[in-house]
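I have placed the structure first, in the form of structure tokens, so that the comments after it can refer back to it.
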Amino acid sequence: MATTQVDKAGLQSDHQGVILHLRSPSNPIRLHKEKRVFPVPNYARARADDTVLGELKALSDRLESGFTTALQAAKLWDQTKRRVAVGLLNAVRAAKKSKKKTYRKKIKRMYRRLDRTKELARAASQQANQDLQQRCHAKLVRLTQRIATTKREWIRAKSQRLFRSHTWREGKTTKTFFKRISCMFGDNIIPALRHHSGIAVTDPEAKADTLADAWSPIMRGVPASSSAVERVTRWMEQDTGDDTAMLADAGMITETAVRMALRECKMDKACGPDKLGNDWYRAYEDALVPILTRLYKLWYTEQVFPDSFLEANIFCLKKSGDGGDPLNYRPLALLNTDYKILTRLLTTQVRTTLARRISIFQQGFVPGRQIHATIDYFAAAQRMALCSDDARDALALLLDFAKAYDSLDRQFLYAVLRRHGYPRHFVQVIEKLHTGTNVRFLANGTRSRTVMVTRGIRQGCPLAPLLFILALEPLYRRLEKGAVHQGITLKTCTATAALRVAGYADDTAIYLRSPAELEVALATITDFGAASGLHLNCSKTVAIALYTDGLRSSTLWTGPVRLLPRDE
Numbered sequence: 001m002a003t004t005q006v007d008k009a010g011l012q013s014d015h016q017g018v019i020l021h022l023r024s025p026s027n028p029i030r031l032h033k034e035k036r037v038f039p040v041p042n043y044a045r046a047r048a049d050d051t052v053l054g055e056l057k058a059l060s061d062r063l064e065s066g067f068t069t070a071l072q073a074a075k076l077w078d079q080t081k082r083r084v085a086v087g088l089l090n091a092v093r094a095a096k097k098s099k100k101k102t103y104r105k106k107i108k109r110m111y112r113r114l115d116r117t118k119e120l121a122r123a124a125s126q127q128a129n130q131d132l133q134q135r136c137h138a139k140l141v142r143l144t145q146r147i148a149t150t151k152r153e154w155i156r157a158k159s160q161r162l163f164r165s166h167t168w169r170e171g172k173t174t175k176t177f178f179k180r181i182s183c184m185f186g187d188n189i190i191p192a193l194r195h196h197s198g199i200a201v202t203d204p205e206a207k208a209d210t211l212a213d214a215w216s217p218i219m220r221g222v223p224a225s226s227s228a229v230e231r232v233t234r235w236m237e238q239d240t241g242d243d244t245a246m247l248a249d250a251g252m253i254t255e256t257a258v259r260m261a262l263r264e265c266k267m268d269k270a271c272g273p274d275k276l277g278n279d280w281y282r283a284y285e286d287a288l289v290p291i292l293t294r295l296y297k298l299w300y301t302e303q304v305f306p307d308s309f310l311e312a313n314i315f316c317l318k319k320s321g322d323g324g325d326p327l328n329y330r331p332l333a334l335l336n337t338d339y340k341i342l343t344r345l346l347t348t349q350v351r352t353t354l355a356r357r358i359s360i361f362q363q364g365f366v367p368g369r370q371i372h373a374t375i376d377y378f379a380a381a382q383r384m385a386l387c388s389d390d391a392r393d394a395l396a397l398l399l400d401f402a403k404a405y406d407s408l409d410r411q412f413l414y415a416v417l418r419r420h421g422y423p424r425h426f427v428q429v430i431e432k433l434h435t436g437t438n439v440r441f442l443a444n445g446t447r448s449r450t451v452m453v454t455r456g457i458r459q460g461c462p463l464a465p466l467l468f469i470l471a472l473e474p475l476y477r478r479l480e481k482g483a484v485h486q487g488i489t490l491k492t493c494t495a496t497a498a499l500r501v502a503g504y505a506d507d508t509a510i511y512l513r514s515p516a517e518l519e520v521a522l523a524t525i526t527d528f529g530a531a532s533g534l535h536l537n538c539s540k541t542v543a544i545a546l547y548t549d550g551l552r553s554s555t556l557w558t559g560p561v562r563l564l565p566r567d568e
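As numbered in full-length UniProt numbering, residues 1 to 568 make up the sequence shown, in order.
Below, the structure written as structure tokens:
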């Protein structure tokens, strides 16, 4: 415990509020908080509006004048964002200086008066003017008391604000209160990390670089061979792509579509590297929508995008387990909002094409499908294991892909998209949005060095979940055909169906009729991993016996993955 602070209540009470300030004596954690660009305080709103609207008007005029290529427009947009961010900070600073009744200015004025009175008292003492000395002394006492009173009032008000911000009150929702008291997603303070050399890292800047060092090999892995990619993508039949024509050009990008995508960006979310978050785009929506529509159309047509689209800060969310392991964190990409608006618009169009491309056993992110169906498949498989002798030793193999989003091979992704029948122009746009991406890891507010990323999709991108299930589809197609394993036969009074694989996004279960099918199923997954970059994490991949009492006593389990005991 570093110190305590007691709140002196204004009303009589039988208890006092106490704040405990805690830190580890052996590992003090220092936090760095960057200046927030937006929203601005109320006293600076007028100056901020003038700054932002002026910059957007200048950009609009420049675009209207013509003779602007897609590359020039991209650079111009990035320059405008930088000027807006700097202008907003300057507007707040200027507005703060113009305020006259702030605490600091009051204190400065009183200290200046105190200094002048002291000089006058010294002059009166030299002149032996008793009357003036008495008046100066009385004024010094009053000023000293006023300064002390002002300081006490400010400290008391600050203490009350601090206590009030951490307690529930009428008009403050329980959601806000939970965010205050919950440590689950609070500051996500990262403790000491272990470097790959075994040394404990406690310096804030070194922590961020330690995360970057640990994740770089995953994000910059060796690409899959073209022969492996070709072999696995042929597990799917070539789709004609009749329903994807709207993605072939920029006709889908309209002011209405851009406005809808912008409004889907939730408020009070973390911003990307440009520091202009969703709140800024929502506040200046009317001025931004025409500009963004024009820019998106130009960039999508020419397949040229701003450099800021490729940047991201990585916020590492701790998983359960060892907090000192840099890889035991979930890397979430904090992307710029202008990028997310465009990809959200594309997501709306791609989502309509999923139902005919994605297996009926994949329930994740497909409109009209729910996770309950995956649970129902598992329950049905358990029922068949209980009532059918053929399925007495049936198993569910629960797959865990190691760093799934971050290890997906990009060339494999593009090949699968082409196999799904998506237009060549759309696939090239996806490739441009993933070529040259770079990230910086955040650790307690400090940013790491820049890491170039050559594989994986970006957790935090609206389009990423859809791209992932499209890339996973060749595995589903291969397993569903029945050439790999028989699976479990589900029977009702009127119908019969084979259950071989089911899942929700990257959580996939393969259903085996017996342990004898395990080897060939794992071989198929290995082939898929060689092409896609999605390799099994054998320490987390488990098999579950579907029969209540487990496998027959005569059945010998020799698989490379763990068979989950009945009590787990």
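In this text, a Cβ means the ideal position worked out from N, Cα and C, and glycines have one as well. Everything numeric in this text was worked out from a predicted model, so none of it was measured.
The alpha-carbon of residue 321 is positioned some 41 Å away from that of residue 157. Residue 128 and residue 88 have their alpha carbons spaced roughly 56 Å apart.
Per DSSP, the continuous beta strand (DSSP E) segment holding residue 496 begins and ends at 496 to 499. Within its own chain, the residues whose Cβ lies closer than 6 Å to the Cβ of residue 261, once the five positions on either side in sequence are excluded, are 341, 344, 345, listed in chain order. Counting the other CB atoms within 10 Å of its CB gives residue 203 a total below 16, which places it among the exposed residues. In this structure, the straight-line span from the alpha carbon of residue 143 to that of residue 123 is close to 19 Å. Annotation for residue 373: 363 place their beta carbon closer than 7 Å to its own, counting only its chain and skipping 5 residues before and after. Secondary structure in the stretch 416 to 483: the beta strand (DSSP E) runs of 3 residues or longer, each lying completely within the stretch, are 438 to 443 in chain order. Secondary structure of residue 264 (DSSP, three-state): coil. Per DSSP, reduced to three states, the secondary structure at residue 284 is coil, with no helix or strand assignment. Taking a cut-off of 8 Å on C-beta distances, the stretch 110 to 119 does not touch the stretch 64 to 71, as fewer than three cross pairs fall below it. Of all alpha-carbon atoms in 504, 468, 521, the one lying nearest the alpha-carbon of residue 485 is that of 521.
When the Cα atoms are used, residue 498 and residue 221 turn out to be separated by approximately 37 Å. By the neighbour-count definition (other C-beta atoms within 10 Å, threshold 16), residue 125 is an exposed residue. DSSP lists 438 as the beta-bridge partner residues of residue 311.
In the three-state DSSP reduction, residue 542 falls in the strand class (E or B).
If you draw a straight line from the Cα of residue 293 to the Cα of residue 407, it is about 33 Å long.
Using a Cβ distance threshold of 9 Å, residue 326 and residue 235 do not count as a contacting pair. Spatial neighbours of residue 365 in its own chain (CB-CB distance under 8 Å, excluding positions within 5 residues in sequence) are listed in chain order as 351, 354, 465, 466, 469, 505. Contact annotation, residue 449 with residue 243: C-beta distance approximately 44 Å; criterion of less than 8 Å not satisfied. Taking the Cβ atoms as the reference, residue 429 lies roughly 18 Å from residue 312, outside the contact range of under 8 Å. Under the 10 Å beta carbon count, residue 384 is surrounded by 16 or more other beta carbons and is classified as buried.
At the C-beta level, residue 500 and residue 482 come within 9 Å of one another.
For residue 489, the uninterrupted beta strand (DSSP E) segment begins and ends at 488 to 491. Restricting attention to 402, 493, 544, 535, the CA atom closest to the CA of residue 379 is found in 544. Beta-bridge analysis with DSSP links residue 331 to 316. Sequence-distant partners of residue 502 (beyond 5 residues in either direction) whose C-beta falls short of 6 Å from its own C-beta, in its chain, are 361, 374, 377, 509. Under the 8 Å Cβ criterion, the stretch 540 to 560 does not count as touching the stretch 409 to 424, having fewer than three qualifying pairs. Secondary structure of residue 83 (DSSP, three-state): helix. Annotated as distal: residue 533 and residue 436, with beta-carbon spacing of 9 Å or more. Sequence-distant Cβ neighbours of residue 420 in its own chain, meaning closer than 7 Å and more than five residues away, are 239, 357, 470. Residues 136 of the same chain have their beta carbon placed closer than 6 Å to that of residue 120, with the five preceding and five following residues left out of the count. For residue 103, there is no enclosing beta strand (DSSP E); the residue is found in the alpha helix (DSSP H) stretching over 103 to 126. Selection 64, 161, 81, 76 evaluated against residue 17 yields 161 as nearest (Cα-Cα).
The Cβ atoms of residue 280 and residue 39 lie closer than 9 Å to each other. For secondary structure counted as the alpha helix (DSSP H) over 4 or more consecutive residues, the stretch 347 to 399 holds these complete runs in sequence order: 371 to 387.
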